[in-house]
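Enquirer:
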Amino acid sequence: MKTREIAEFLGGDLRGDGEVDIYGVAALKSADQGELAYLDRGRDLVESNASCVIVSSEEARQHYANSITVSDPKLAFAKVAAELHREDRKVQPNHPTAVIAESASVRADYVGAFVSVGENSYIGEGCRIHDGVRIGKNVNIRKFTVLHANSTVYDNVSIGDDCVIHSGAVIGADGFGYVKDENGIHVKFPQIGTVVIEDNVEIGANSCVDRGALGETRIGTGTKIDNLVQIAHNVQIGKNCIIVAMSGISGSSVLEDDVVLAGQVGIADHVTLKKGVVIAAKSAVYSNKVISNGIWAGIPARPVKAFKENFAALGSLPIIRREIRELKDRIESIEPFESE
Amino acid sequence: MKTREIAEFLGGDLRGDGEVDIYGVAALKSADQGELAYLDRGRDLVESNASCVIVSSEEARQHYANSITVSDPKLAFAKVAAELHREDRKVQPNHPTAVIAESASVRADYVGAFVSVGENSYIGEGCRIHDGVRIGKNVNIRKFTVLHANSTVYDNVSIGDDCVIHSGAVIGADGFGYVKDENGIHVKFPQIGTVVIEDNVEIGANSCVDRGALGETRIGTGTKIDNLVQIAHNVQIGKNCIIVAMSGISGSSVLEDDVVLAGQVGIADHVTLKKGVVIAAKSAVYSNKVISNGIWAGIPARPVKAFKENFAALGSLPIIRREIRELKDRIESIEPFESE
Amino acid sequence: MKTREIAEFLGGDLRGDGEVDIYGVAALKSADQGELAYLDRGRDLVESNASCVIVSSEEARQHYANSITVSDPKLAFAKVAAELHREDRKVQPNHPTAVIAESASVRADYVGAFVSVGENSYIGEGCRIHDGVRIGKNVNIRKFTVLHANSTVYDNVSIGDDCVIHSGAVIGADGFGYVKDENGIHVKFPQIGTVVIEDNVEIGANSCVDRGALGETRIGTGTKIDNLVQIAHNVQIGKNCIIVAMSGISGSSVLEDDVVLAGQVGIADHVTLKKGVVIAAKSAVYSNKVISNGIWAGIPARPVKAFKENFAALGSLPIIRREIRELKDRIESIEPFESE
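Residue numbers (the numbering used here), protein chains in the order written: chain A, 1 to 340; chain B, 1 to 340; chain C, 1 to 340.
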């Protein structure tokens with residue numbers, strides 16, 4: 001893309017040479033000729049060899065030989081990067097080692113080596129299925145979705161358009177549910193539901209999304225899930241949620257739209273987090289069954305203001321103990337002498 | 001199965017038509033013709049299109065056209081579901097792509113595509129080994145055990161009857177043990193022991209069970225392990241334990257029978273949890289080397305009653321600080337005036 | 001190896017028969033004829049059938065028929081074990097099912113069944129690549145590195161000499177970075193950097209090391225990483241660090257040399273842990289951006305002494321409340337009577 005084309009793509013204000021060819025993106029400091037960089041809002045100027053810099057301030061606009069001014073440089077940079085680094089979408093023949101059931105219908109751009117696709121599964125156009133991916137029976141994957149190497153999809157799962165499933169992720173394994181019998185033996189409760197992943201969802205490496213026990217586990221459009229995350233059976237996640245690495249959500253809990261779980265968060269079963277709730281890193285929600293708004297933190301989680309006050313108070317306990325000792329002394333000194 | 005047969009199987013009391021064919025199980029609300037549902041003890045009546053409902057109360061018995069009365073409907077439902085949804089156990093020829101060492105002995109019902117089985121390994125009758133599973137050398141797997149796609153078993157591991165290992169699980173990787181040498185370099189302590197998994201154990205997706213350093217890591221009969229769980233070298237787990245997702249057990253710790261670890265629990269090394277101990281979610285046991293009974297919670301874990309009191313007290317700290325200020329004022333007002 | 005050779009190898013003092021053949025190592029209690037065991041410093045004597053015991057005390061030296069005296073028996077034992085149990089390094093032809101790009105250069109001792117190696121990748125001599133491993137394009141793996149079954153390496157990753165990557169580990173998946181657009185949609189920030197793993201690094205089963213967003217994620221020589229660990233994009237880890245299972249390090253954080261993270265630790269983004277810092281199990285570092293030395297514990301982490309004091313104080317809160325009540329009563333009893 002030429003700088004002129006990038007400015008048009010962004011609806012940004014180009015200063016400098018519009019005919020420079022841009023081949024890729026890079027950080028300001030390490031960028032080279034032919035690369036595009038960006039200076040985030042409010043950051044100090046950084047010298048750069050980038051051929052063009054996306055900026056938001058007049059000062060930055062003046063500083064770089066070629067610049068494009070927009071309101072949010074980081075967002076603009078991300079959008080251009082997606083264009084420039086778009087994974088090569090050329091259609092290739094399926095790898096000859098792939099084992100695809102005769103009853104499956106595969107329209108993907110590419111199916112890699114050692115992939116298996118089970119009976120009656122459907123994979124839509126534009127998908128890329130990398131080496132060693134396992135797709136069970138009756139799986140439905142719509143368009144332009146990417147499954148990275150060695151990821152696994154169990155039977156009867158549905159995945160929408162434009163999703164990315166990273167390596168080692170497991171979609172549709174059995175939920176964890178047992179009923180104790182009269183002898184203390186754990187009898188497996190049926191785990192025969194399914195998983196529905198809507199559009200534009202990303203699921204990180206080695207994350208797990210279990211199938212519903214009887215119903216479905218659902219992940220809403222635009223939700224992004226990091227690595228090593230656990231989503232238990234029958235969880236319902238809304239749109240555009242962010243779930244950072246190593247968080248876990250227990251059975252049947254509900255995350256409405258725009259919820260954020262920072263890293264290593266735990267959500268107990270049958271909890272509802274209303275739209276936009278944020279749970280701070282390393283926190284756990286289990287004593288509140290509904291959290292309506294705001295940022296919550298701690299184990300168990302409480303509003304972040306209370307969490308911080310509690311934490312500060314904890315540090316003040318030695319002072320409190322000293323104050324109590326002083327009060328005792330003062331009372332002692334003014335108490336009337338008591339004889340028996 | 002006919003309703004009459006289900007009632008016999010459960011030893012339950014059938015009301016209504018005994019000749020209705022039941023093809024599957026479902027939740028009460030979503031059940032359809034031909035499906036069996038259940039109403040859990042103490043729950044309110046729910047309208048249902050299920051062809052038969054397992055119930056425990058007289059009121060529920062009367063409510064549904066066809067019902068089977070038992071003492072524990074959920075348990076009964078789980079048992080029937082296991083019968084109705086039993087995975088098809090027909091014997092199939094091993095997939096032609098499977099690579100099975102000549103010295104291995106495989107009696108499994110089915111070995112899938114791209115499976116590898118190493119030298120001198122044994123897989124008993126009724127096992128199903130799904131696509132992409134890796135089984136090392138000298139592995140012994142008894143009868144009717146299922147290994148799901150892309151799970152991995154290292155050399156010299158033993159797995160019993162009726163186990164289920166989910167996708168991405170890794171059994172028998174090296175334990176994490178090093179000795180620091182004179183230059184601060186971590187020299188690997190030998191990790192040449194093994195893993196023994198007894199009967200009827202389920203291991204969730206992407207969980208890890210490390211081999212013993214010199215001895216063995218053992219998981220007892222009937223124990224159920226959720227996803228993303230870490231079992232370190234030389235851990236000994238008893239029978240019928242429940243280990244919920246994202247919990248980790250450090251080296252050489254012992255869980256006696258019927259122990260429960262809720263989600264995201266951490267157990268330090270060389271800890272013993274006696275029979276029936278329960279550790280609450282997001283807790284960590286490290287300062288107590290033996291926990292004898294009850295429910296424990298917190299970081300570090302203490303008896304749950306103390307944990308709750310501590311937590312409540314923490315919330316009362318602002319009140320305590322106010323009370324101390326008031327006491328100071330009151331003392332001030334009654335202290336004799338002191339001149340110098 | 002003969003006992004005499006082992007003593008020479010260790011530079012230790014042999015007592016007894018130098019011509020005994022040693023075939024393997026074992027724990028003292030379970031060792032058999034032909035096996036070497038060790039008695040750790042400061043431990044009580046244990047009877048043993050081992051053919052030779054590595055010891056450090058004069059008493060122990062006298063106790064066993066054949067012994068080798070060194071200053072650190074456990075370290076010596078680890079070193080001998082590495083010699084005796086060295087994995088068979090014989091060169092085997094690549095398995096015929098492996099799919100290796102024509103432009104790749106593979107000098108490994110062994111490439112297993114169903115392995116894929118992408119275009120322009122290089123694998124050095126002495127490497128062993130086990131079954132089902134995925135190696136992307138432009139990957140560079142130096143000498144004597146082992147990749148265990150079903151591990152995955154994305155494109156453009158570099159791995160040094162003598163590393164061990166365990167099963168299910170994923171190296172080089174996309175980092176987790178998004179920019180919110182004007183409609184609340186998460187637009188992916190480019191994740192086009194790389195991962196550099198230096199020499200003698202071990203990475204546990206199902207651990208994840210994400211690629212840099214624009215730059216690199218780096219793991220220094222001699223660092224050991226346990227199972228189910230998450231290393232986010234652009235993290236920089238120094239030499240000889242120890243990262244225990246289920247710990248997670250967020251984007252761009254820095255661990256200098258010799259840092260230890262115990263199990264289930266969380267490190268927020270852009271944090272620096274200086275040389276030799278230790279973070280206790282189940283702790284989280286997020287409010288301090290630089291930790292300079294010592295052992296830290298808690299959520300958020302503070303110096304371990306403060307953590308212990310806080311925890312003890314928390315337990316004393318019921319006492320504090322009682323003391324305040326008593327003070328109130330005493331003041332009450334001496335306050336002048338007030339009428340209105």
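Even for Gly, the Cβ is constructed at its ideal location relative to N, Cα and C.
#1: Compute the Euclidean distance between the alpha carbons of ALA60 of chain A and VAL196 of chain A, then round it to the nearest angstrom.
#2: Would you list the one or two residues that DSSP bridges to GLY255 of chain C?
#3: What is the DSSP secondary structure of ALA284 of chain A, reduced to helix, strand or coil?
#4: Do the segment 176–183 of chain C and the segment 149–164 of chain C make contact, defined as three or more Cβ pairs closer than 8 Å?
#5: Kindly indicate which three-state DSSP category ASN342 of chain C falls into: helix, strand or coil?
#6: Could you pull the DSSP bridge partners for ILE219 of chain A from this structure?
#7: Distance check for ALA245 of chain B and ALA198 of chain B, CA to CA, integer angstroms please.
#8: Residues in the same chain with beta-carbon distance under 7 Å from ASN293 of chain B, minus the five sequence neighbours each way, listed in chain order, please.
#9: List the endpoints of the continuous beta strand (DSSP E) containing ILE6 of chain A.
#10: Kindly confirm or deny that the segment 65–74 of chain B and the segment 99–109 of chain B touch, where touching means at least three C-beta pairs closer than 8 Å.
#11: Alpha carbon to alpha carbon, what distance is there between LEU214 of chain C and ALA297 of chain A?
#12: Hey, would you say ARG211 of chain B sits closer than 8 Å to THR223 of chain B, going by beta carbons?
#13: From the DSSP secondary-structure annotation, give me the bridge partner or partners of LYS224 of chain A.
#14: Would you report the Cα separation of PRO190 of chain B and GLU83 of chain C, rounded to the nearest angstrom?
#15: Looking at the structure shown, is GLN33 of chain A part of a helix, part of a strand, or coil, going by DSSP?
#16: Please check if any C-beta of chain C sits within less than 8 Å of the C-beta of SER252 of chain B.
#17: Report buried or exposed for GLY42 of chain A, applying the criterion of at least 16 other Cβ atoms within 10 angstroms of its Cβ.
#18: Determine whether the beta carbon atoms of LEU28 of chain C and VAL46 of chain C lie at a separation below 8 Å.
#19: Are ARG134 of chain B and VAL146 of chain B touching if we call contact CB-CB under 8 Å?
#20: My understanding is that LYS282 of chain C touches ALA173 of chain B, with C-beta atoms under 8 Å, so please give their C-beta distance in whole angstroms.
#21: Give every residue of the same chain whose Cβ lies closer than 7 Å to the Cβ of ILE295 of chain A, excluding the five residues on either side of it in the sequence, and list them in chain order.
#22: In chain order, what residues of the segment 77–108 of chain A put their CB closer than 8 Å to some CB of chain B?
#23: Going by the DSSP bridge assignment, what does CYS52 of chain B pair with across the sheet?
#24: Who are TYR178 of chain B's beta bridge partners in DSSP?
#25: I want to verify the contact list: residues of chain B whose CB lies under 7 Å from the CB of ALA26 of chain C, in sequence order.
#26: Can you find the residues in the same chain that come closer than 7 Å, C-beta to C-beta, to ALA232 of chain C, ignoring five residues on each side of it along the sequence?
#27: Short of 8 Å in beta carbon distance, which residues of its chain neighbour GLY11 of chain C, apart from the five on each side in sequence? Order them along the chain.
#28: In chain order, what residues of the segment 310–334 of chain C put their CB closer than 8 Å to some CB of chain B?
#29: In terms of alpha-carbon separation, which member of C:ALA113, C:GLY124 and C:VAL53 lies closest to LYS2 of chain C?
#30: Out of curiosity, what's the CA-to-CA distance linking ASN227 of chain A and GLU5 of chain B?
#31: Tell me which residue opens and which closes the alpha helix (DSSP H) that LEU75 of chain A is part of.
#32: Roughly how many whole angstroms lie between the Cα atoms of LEU39 of chain B and VAL271 of chain A?
#33: Which residues in chain C have a C-beta closer than 8 Å to the C-beta of ASN206 of chain B? List them in chain order.
#34: I believe SER51 of chain A touches VAL25 of chain A by the beta-carbon criterion, under 8 Å. Please report the beta-carbon distance rounded to the nearest angstrom.
#35: Straight-line CA distance for SER48 of chain A to ALA81 of chain A?
#36: Helix, strand or coil, according to DSSP, for ILE299 of chain C in the structure here?
Expert: By the coordinates alone:
#1: Locating residue 60 of chain A in the first sequence gives position 60, counting from the first residue. Locating residue 196 of chain A in the first sequence gives position 196, counting from the first residue. Rounded to the nearest angstrom, the two C-alpha atoms are 46 Å apart.
#2: Residue 255 of chain C sits at position 255 when you count from the first residue of the third sequence. Inspection of the sequence shows that residue 255 of chain C is occupied by Leu rather than by Gly. Its beta-bridge partners are C:ILE237 and C:LEU273.
#3: Within the first sequence, the letter at position 284 stands for residue 284 of chain A. Three-state result, ALA284 of chain A: strand.
#4: no
#5: Shown here, chain C extends from 1 to 340; a query on residue 342 of chain C therefore has no answer.
#6: Position 219 of the first sequence, counted from the start, is the residue given in the question as residue 219 of chain A. Looking at the DSSP assignment, ILE219 of chain A forms a beta bridge with A:ILE197 and A:ILE237.
#7: Against the second sequence, residue 198 of chain B aligns to sequence position 198. Against the second sequence, residue 245 of chain B aligns to sequence position 245. Ala is not the amino acid found at residue 198 of chain B; the sequence shown has Glu there. Their Cα atoms are separated by approximately 20 Å.
#8: Within the second sequence, numbered from 1, the residue matching residue 293 of chain B stands at position 293. Contacts found: LYS274, GLY276 and VAL277.
#9: As a working mapping, residue 6 of chain A is identified with position 6 in the first sequence. Segment 3–10 is the alpha helix (DSSP H) holding ILE6 of chain A; no beta strand (DSSP E) there.
#10: no
#11: In the first sequence, the residue the question calls residue 297 of chain A occupies position 297. In the third sequence, the residue the question calls residue 214 of chain C occupies position 214. When rounded, the distance between both Cα atoms is 31 Å.
#12: In the second sequence, the residue the question calls residue 211 of chain B occupies position 211. In the second sequence, the residue the question calls residue 223 of chain B occupies position 223. Contact flag unset, no.
#13: As a position in the first sequence, residue 224 of chain A is number 224, starting the count at 1. LYS224 of chain A is bridged to A:GLU202 and A:ILE242.
#14: Counting from 1 along the second sequence, the entry for residue 190 of chain B is found at position 190. Counting from 1 along the third sequence, the entry for residue 83 of chain C is found at position 83. In a straight line, the C-alpha of PRO190 of chain B is about 10 Å away from that of GLU83 of chain C.
#15: Working through the first sequence from its first residue, we reach residue 33 of chain A at position 33. GLN33 of chain A: coil per DSSP, three-state reduction.
#16: Here the question's residue 252 of chain B lines up with position 252 in the second sequence. No, no contact with chain C.
#17: Sequence index remark: in the first sequence, residue 42 of chain A carries index 42 (1-based). Exposed, by the Cβ-count rule.
#18: Your numbering for residue 28 of chain C matches position 28 in the third sequence. Your numbering for residue 46 of chain C matches position 46 in the third sequence. Closer than 8 Å, so yes.
#19: Here the question's residue 134 of chain B lines up with position 134 in the second sequence. Here the question's residue 146 of chain B lines up with position 146 in the second sequence. No, Cβ-Cβ distance for ARG134 of chain B and VAL146 of chain B is not below 8 Å.
#20: Taking the first residue of the third sequence as 1, we reach residue 282 of chain C at position 282. Taking the first residue of the second sequence as 1, we reach residue 173 of chain B at position 173. In fact, because the Cβ distance is near 23 Å, the residues do not count as touching under 8 Å.
#21: The count along the first sequence starts at 1 and reaches residue 295 of chain A at position 295. Once the five neighbours on either side are set aside, the close Cβ partners of ILE295 of chain A are VAL278, ALA280 and VAL304.
#22: THR97 and VAL99
#23: Here residue 52 of chain B refers to the residue found at position 52 when the second sequence is read from its first residue. CYS52 of chain B pairs with B:LEU36.
#24: Within the second sequence, numbered from 1, the residue matching residue 178 of chain B stands at position 178. TYR178 of chain B is bridged to B:LYS188.
#25: Indexing the third sequence from 1 puts residue 26 of chain C at position 26. Going along chain B in sequence order, the residues near ALA26 of chain C (Cβ under 7 Å) are LEU214.
#26: Within the third sequence, numbered from 1, the residue matching residue 232 of chain C stands at position 232. Contacts found: GLY175, PHE176, ASP210, ILE249, SER250 and GLY251.
#27: Counting from one through the third sequence, the residue named residue 11 of chain C turns up at place 11. So the qualifying residues of the chain are VAL70.
#28: PHE311, LEU314, GLY315, LEU317, PRO318, ILE320, ARG321, ILE324, LEU327, LYS328, ILE331 and ILE334
#29: As a working mapping, residue 2 of chain C is identified with position 2 in the third sequence. Out of C:ALA113, C:GLY124 and C:VAL53, C:VAL53 has the C-alpha closest to the C-alpha of LYS2 of chain C.
#30: Counted from its first residue, the first sequence places residue 227 of chain A at position 227. Counted from its first residue, the second sequence places residue 5 of chain B at position 5. Each residue's alpha carbon lies about 46 Å from the other.
#31: Translated into the one-based positions of the first sequence, residue 75 of chain A becomes position 75. Taken as a continuous stretch (DSSP letters only), the alpha helix (DSSP H) holding LEU75 of chain A covers 73–84.
#32: Mapped onto the second sequence, residue 39 of chain B falls at position 39. Mapped onto the first sequence, residue 271 of chain A falls at position 271. Distance between the alpha carbons of LEU39 of chain B and VAL271 of chain A: 22 Å.
#33: On the second sequence, residue 206 of chain B is found 206 positions in, with the first residue counted as 1. What ASN206 of chain B touches in chain C: GLY168, ASN206 and LEU228.
#34: For the purposes of this step, residue 51 of chain A is taken as residue 51 along the first sequence, with counting starting at 1. For the purposes of this step, residue 25 of chain A is taken as residue 25 along the first sequence, with counting starting at 1. About 11 Å separates the two Cβ atoms, so there is no contact after all.
#35: By one-based count along the first sequence, residue 48 of chain A stands at place 48. By one-based count along the first sequence, residue 81 of chain A stands at place 81. Roughly 18 Å between the two C-alpha positions.
#36: The residue given as residue 299 of chain C occupies position 299 in the third sequence. DSSP places ILE299 of chain C in coil when its eight states are reduced to three.
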